[in-house]
Structures are given as structure tokens and as C-alpha cells.
Amino acid sequence: MAEEAVTTLRAELARFDRAEEALALLEVFLEVGREQLGAVVLDPVGLRLPDQVTDDRALVQGLIEEIEQEERGRERSFDMQDAQARWDYVRLAYCSNQATVWSARHRTTYFEVVGRERATYWLPDSLKAQYFEALSTRGWVIPADWLSAVAKRPKPWWKRGGAS
8 MAEEAVTTLR
18 AELARFDRAE
28 EALALLEVFL
38 EVGREQLGAV
48 VLDPVGLRLP
58 DQVTDDRALV
68 QGLIEEIEQE
78 ERGRERSFDM
88 QDAQARWDYV
98 RLAYCSNQAT
108 VWSARHRTTY
118 FEVVGRERAT
128 YWLPDSLKAQ
138 YFEALSTRGW
148 VIPADWLSAV
158 AKRPKPWWKR
168 GGAS
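With my numbering applied, the sequence shown covers 8 to 171.
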């Protein structure tokens, strides 16, 4: 069975006028994809609030301090069925060195933040269509380069990870 085409969408905080726009787009994604999501995790070591985040700074800093007082070294998982956990993850993802949203069977990464600097969505066509519709319905502007991004078929597993 052929894998569904996937669209890569860049989502760094710096590409948005306000960091809160990136957070809102992630929040909508987590709501829309909730039934297809697997593990939603982040690395709790070295959490740091980005300067671009202006709303809820004190609340997010409080979350960071609370996590720092807990046991370190373990990946932190978030339950996407819980509204508070979704809120926490959305605000902490861009504070983390590594935050990931997996598909239900861990075969696909849907979203990832690396080093607080890079953020990417990898969306199969069906989920992308649902996500874009939800963004439009809620009145969010979809970045122009997201609308023009071309979906590609993933490389076969035996060609992944090697030299291209």
C-alpha cells in the first residue's frame, strides 16, 4: 500500500508577526488531529521562554519552573484529550530543545520543534485538508507558502536516512 503524500510546512516563531499566532496554529492542529495523534512529548531539560512570546509570559514561566522542580531527564508526555494538557504543550513546545507530535502508530512525525529555533509540520494530505479547513473556519490566516507547498510521497523506508 502506497503511503499518502506529505506536505512539509515551516513553522518557526520568527516567521510569524506574533509568536502567539504560531501557538494558535499549533493549538488548532492538536484539536483537529486529536484522533490521529499518538505520543505528544517534549524534552523538559533546559526549557526557556522565547522572547517572542508576549502573552501569558508569567503563566508559561510558572509552568517551566514547576517542571524544573520535578524529576529531570525523562521525556514528558501530554494527554491531548485533556484541554489543560493541550494548553500546556502548546505553550511549552517552543520553549523546548525537542518537542514532537507523533502519529498514532509512531510511524510518522506530524510536528516537531528542534532547539527552539526550527519548527516543522509534516502533514498527510487528509490531515492537511482538515487542518486548513479548521484554520479558515476559525478565522486564522494560513501562511501563503503553506498554501503553495507541494505534497510529496515519502521515500521508501530503505532509502530514508541515507545519502540522497
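The beta-carbon is built from N, C-alpha and C at its ideal position, and this holds for glycine as well. These figures come from a predicted structure and were not determined experimentally.
- The residue from Gln59, Ser103, Val47 with its alpha-carbon nearest to that of Leu70 is Ser103.
- Apart from sequence neighbours up to five positions away, the residues of its chain that approach Pro57 with a beta-carbon distance below 7 Å are Leu20, Ala26, Tyr101, Cys102, Arg123, ordered along the chain.
- In this model, Val97 and Leu37 are separated by some 9 Å (Cα to Cα).
- In the three-state reduction of the DSSP assignment, Val47 falls in the strand class.
- Pairing Glu72 with Glu28, the inter-Cα distance amounts to about 24 Å.
- DSSP places Leu16 within a strand segment (E or B) once states are collapsed to three.
- When secondary structure is reduced to three states using DSSP, Val120 falls in the strand class.
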